[in-house]
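Protein chains in written order, with numbering that gives the first Met the number 0: chain W, 0 to 205; chain F, 0 to 463.
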Amino acid sequence: MKSVSLLLALGLSAAVITAASCGGNPAPQNPTPNADSAAAAERARQDSINAAQADAERQAAAERERVENQRRADSLAALARSSEEVRATLAAMIHFDLDKSNIRSDDMGALDRKVAILQANPELRIRIGGHCDERGSDEYNLALGNRRAQSAKQYLVSHGIDASRIETQSWGEERPLVDGHDENAWSQNRRDEFEVISGGDNLRRS
Amino acid sequence: MRSVICFAALLLAVGPSGRPAIGQDTSTIDRGVRIGIIYRAGVRPGLVMLPRTGMGLDSVRAIVARDLDYSDRFEVITLPGGDSIRLATPSAAPRGTGTRRSGTGTAATGGAQSGGLNYPLYQALGADFALDITVAGDTTVATLHDIASAGVRRAVRVKLPRPGDPDFRQAVHRLADQALQAALGTPGIAATRILFVKEGKVYQIDQDGVDQRLVSSTDRQAMSPAWGADGRHFAYMEFQAGKGWLYLQEMVTGKRIAVSTTGSALDFTPAFSPDGQTLAFSRATEEGTDLYTINIKNNCCLRRLTVGRFSDNLSPTFSPDGQRIAFVSTRPGLPQIYVMAADGTDQQLFAPFDYGVTGSSNAPEWSPDGQSVAFHRDVAGTLQVFVLDVRTRTVRQLTSVGRNEDPTWAPDSRHLAFVSDRSGYRQLWIIDLDTGRIRPLLQQSGARLPAWSPRLSEAPSTTP
């Protein structure tokens, strides 16, 4: 009972308000701000300016940080890149003529670069693996692969690298790099491979 | 089957009565019977396998016939299935009956029992021997008839394992060898096997190209199997991470024992001394590759035979008297075949070559009769099998088709197994040096480094 009368009262008051706004004075377009509201507006303006400034500062800081991070990452990448380059130079294969184990003159530069890297990184130890193509005798190729690995080692040692930093292995013709039965494949398979045993982190160029 | 019956009937027809059955006084042989075409009298005796059927006999006969054929010591005269033989011997038959002990009407079917056989018939076929394989109870009887003397040369009685038994084929091979021994007085090579490497594993296969079995008992890459002189075990090399270890393995049990060496080097190409006491091998170190021996009876006493310094020495092979070792040395610049005393002294060139002309020579193997060393040599960029005559020190080239390498001697010193790509892919072939006949051992690619066994005696009873 009580709630019904309350609803009625609300309904009546709503009708009265509607009637009042529809007829009589139109609503004021620009109500003149009183002193209180002007102050509030000014405060709000100031607040927004402050907020904007803080925001800009935050953004600037973030940007600075981002740039800083980027610079750091870039320099790390550069470091890694140079280390990667060094690693690639170190791992660059050298190749041999058929049934030969002497170092070819066109491979001496590659070995000289390895000498520089080994000198710049005294902790670095490497392993040389000698490989042959499929044309020779299966068993003789184990001896020939050994000779090829020794040839490269002797070159490095004769250029000042301590022999104890270099291990050698022969793979004979058991691990061809390229499958195929033509001179293109064979010439790629007659090779020495170079791998890092230890001391290979953060390699320096020189 | 029909032709066999037909053939038996024909034999019956030309039995003791001597009455012409079909045709007149000349023998008419249908196509498919190889007679007078390949066979040359006085070069190889003709041998005919008498047709028989019976439990398990088909495979026994087939295996024996192939073994005798592969011995390359006979002209095996086949009486093929789809063909019939029409034969009449009006003049020979009476003579034949006279020489037969008790001429019966069942010459072909009852030969083993009666010893009677229509010898003139087989003589007309070009046969010097006839082999008859029959079964009596659990015993298989191989009766070898000597056609010229019209009698039984020898009857071999054996109890064969059942077909499918792992020892069955070798037992049949031994029977073939006994028949060959009875006919020619020389031992055969039927009961032998060949070890080879494929995809890093060691396999064995009977010399007739059947019954291939994996013998590697490890997953490491294996190379260079080599038989012990007793045929009971073999040596080989396990290859891993650029290092090589030598092992001995028992054929029957598969049990393997490491050969005590330093283990840090690359040891390869093991070779047994004939007395089985010593293993010679190659070792690659920072100094190069050199030859060593080790006492495998006591697993001790490593001994260095060569000091190459600037050359490599490898691939040893003992002479059958154990006194000498042939090997490969790069001292002339390219690998060539050298020889030395078994203690490493008196090293000298073995197989002659021309400086700057002759290509690399490798993989020597001394023949079991001591007279030859087989090896391969680079000829115009590809490998060919050669044989060195030890006495005259002359070499002759055996192969010329495709690439041919890694020869290994059969115990008869007249057959060699080798790797060849003559059929388009690398697999194992066998050549008979006397006739020049070449046959494929396998029909699969990738096989290499073969090693032919000595004659394999009966496997020692493996008591469980």
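Ideal Cβ placement from N, Cα and C applies to all residues, glycine included. Quantities reported herein were computed from a predicted structural model and do not represent experimental measurements.
Rounded to whole angstroms, what is the Cα-Cα separation between F/Gln122 and F/Ala129?
To locate residue 122 of chain F, count along the second sequence from 1; it is residue 123. To locate residue 129 of chain F, count along the second sequence from 1; it is residue 130. Rounded to the nearest whole angstrom, the C-alpha separation of F/Gln122 and F/Ala129 is 10 Å.
Assuming W/Gly108 is part of the alpha helix (DSSP H), what are its boundary residues?
Taking the first residue of the first sequence as position 1, residue 108 of chain W is located at position 109. Residues 104-119.
How big is the Cα-Cα spacing for F/Phe167 and F/Ile295?
Counting from one through the second sequence, the residue named residue 167 of chain F turns up at place 168. Counting from one through the second sequence, the residue named residue 295 of chain F turns up at place 296. Approximately 32 Å, taken between the alpha carbons.
Thinking just about the alpha-carbon of each residue, which of W/Glu173, W/Ser104, W/Ser150 is nearest to the one in F/Gly243?
Within the second sequence, residue 243 of chain F is the residue found at index 244, counting from 1. Closest option to F/Gly243, Cα to Cα, is W/Glu173.
Compile a chain-ordered list of the residues in the region 288-302 of chain F whose CB is closer than 8 Å to at least one CB of chain W.
Result list: Thr288.
Going by C-alpha to C-alpha distance, which of F/His144, F/Gly227, F/Asp176 sits closest to F/Pro119?
The sequence position of residue 119 of chain F within the second sequence is 120, counting from 1. Selected option, being the one with the closest Cα: F/His144.
Applying a beta-carbon distance threshold of less than 7 Å, which residues of chain F neighbour W/Ser150?
The count along the first sequence starts at 1 and reaches residue 150 of chain W at position 151. Residues of chain F passing the Cβ test: none, with the nearest at roughly 11 Å.
Residue range of the alpha helix (DSSP H) that W/Ser186 falls in?
Here residue 186 of chain W refers to the residue found at position 187 when the first sequence is read from its first residue. Here the alpha helix (DSSP H) through W/Ser186 covers 182-188.
Quick one: is F/Cys299 buried, meaning 16 or more other Cβ sit within 10 Å of its Cβ, or exposed?
Within the second sequence, residue 299 of chain F is the residue found at index 300, counting from 1. Counting Cβ neighbours within 10 Å, F/Cys299 comes out exposed, since fewer than 16 surround it.
My parser needs the beta strand (DSSP E) runs of 3 or more residues fully inside the region 363-446 of chain F; what are they?
Counting whole runs of 3 or more residues, the region 363-446 of chain F contains the beta strand (DSSP E) stretches 371-378, 381-388, 393-396, 403-408, 414-419, 426-431, 437-439.
Does any C-beta atom of chain F lie closer than 7 Å to the C-beta of W/Trp170?
For this step, residue 170 of chain W is matched to residue 171 along the first sequence. So, interface residue.
Pull up the distance between the alpha-carbon of W/Ala119 and that of F/Leu247, whole angstroms please.
Within the first sequence, the letter at position 120 stands for residue 119 of chain W. Within the second sequence, the letter at position 248 stands for residue 247 of chain F. Note on geometry: alpha-carbon atoms of W/Ala119 and F/Leu247 lie some 47 Å from one another.
Does DSSP classify W/Asn101 as helix, strand or coil?
Within the first sequence, the letter at position 102 stands for residue 101 of chain W. In this structure, W/Asn101 counts as coil in the three-state DSSP scheme.
DSSP puts F/Lys465 in a beta bridge; with which residues?
Because chain F here runs from 0 to 463, residue 465 of chain F falls outside it and cannot be looked at.
At the level of alpha carbons, what is the spacing between F/Asp218 and W/Pro175?
Taking the first residue of the second sequence as position 1, residue 218 of chain F is located at position 219. Taking the first residue of the first sequence as position 1, residue 175 of chain W is located at position 176. Answer to the nearest angstrom: the Cα atoms are 20 Å apart.
Starting from F/Phe349, find everything on chain W with Cβ-Cβ shorter than 8 Å and list it in chain order.
Stepping through the second sequence from its first residue, residue 349 of chain F is reached at position 350. One finds nothing in chain W with a Cβ atom closer than 8 Å to the Cβ of F/Phe349; even the nearest lies about 16 Å away.
Would W/Gln149 be called buried (16 or more neighbouring beta carbons within 10 Å of its own) or exposed?
Translated into positions along the first sequence, residue 149 of chain W becomes position 150. W/Gln149 comes out buried.
Is F/Phe267 close to chain W, meaning its C-beta is less than 7 Å from at least one C-beta of that chain?
On the second sequence, residue 267 of chain F is found 268 positions in, with the first residue counted as 1. The Cβ of F/Phe267 sits closer than 7 Å to at least one Cβ of chain W.
Chain F contact residues for W/Arg146, given Cβ-Cβ distances below 9 Å:
Within the first sequence, numbered from 1, the residue matching residue 146 of chain W stands at position 147. Going along chain F in sequence order, the residues near W/Arg146 (Cβ under 9 Å) are Ala283, Gly287, Thr288, Asp311, Thr329.
Strictly under 7 Å for the Cβ-Cβ distance: is W/Ser157 near chain F by that measure?
Residue mapping note: residue 157 of chain W aligns to position 158 of the first sequence, counting from 1. Not one chain F Cβ lies under 7 Å of W/Ser157.
Quick check on F/Asn361 - is its C-beta less than 7 Å from some C-beta in chain W?
Start at 1 with the first residue of the second sequence, and residue 361 of chain F comes out as number 362. Residue contact check for F/Asn361 against chain W: a CB pair falls below 7 Å.
Which one or two residues does DSSP pair with F/Ala141 in a beta bridge?
Position 142 of the second sequence, counting from 1, holds the residue named residue 141 of chain F. In DSSP, F/Ala141 forms a bridge with F/Ile132, F/Val155.
Go ahead and pull the three-state DSSP assignment for W/Ile160.
Here the question's residue 160 of chain W lines up with position 161 in the first sequence. The answer is coil: DSSP assigns W/Ile160 none of H, G, I, E or B.
Find the nearest neighbour of F/Asn117 within the set F/Val151, F/Ser371, F/Glu74, F/Val59, judged by alpha-carbon distance.
Counting from 1 along the second sequence, the entry for residue 117 of chain F is found at position 118. Taking only the C-alpha atoms, the option nearest F/Asn117 is F/Val151.
Specify whether the region 183-190 of chain W and the region 86-101 of chain W touch according to this definition: at least 3 beta carbon pairs, one from each stretch, less than 8 Å apart.
Taking 8 Å as the limit for Cβ pairs, the verdict is that the region 86-101 of chain W does touch the region 183-190 of chain W.
Cβ separation of F/Phe271 and F/Gly227, assumed to be a contact under 8 Å, to the nearest whole Å
Looking up residue 271 of chain F in the second sequence gives position 272. Looking up residue 227 of chain F in the second sequence gives position 228. The C-beta distance from F/Phe271 to F/Gly227 rounds to 5 Å, short enough to fall under 8 Å.
Applying a beta-carbon distance threshold of less than 8 Å, which residues of chain W neighbour F/Arg219?
Along the second sequence, read from residue 1 onward, the residue named residue 219 of chain F stands at position 220. Taking a Cβ-Cβ cut-off of 8 Å, F/Arg219 has no neighbours in chain W, whose nearest Cβ is about 12 Å from it.
I need the DSSP call for F/Arg212, collapsed to helix, strand or coil.
By one-based count along the second sequence, residue 212 of chain F stands at place 213. Of the three classes helix, strand and coil, the one that applies to F/Arg212 here is strand, per DSSP.
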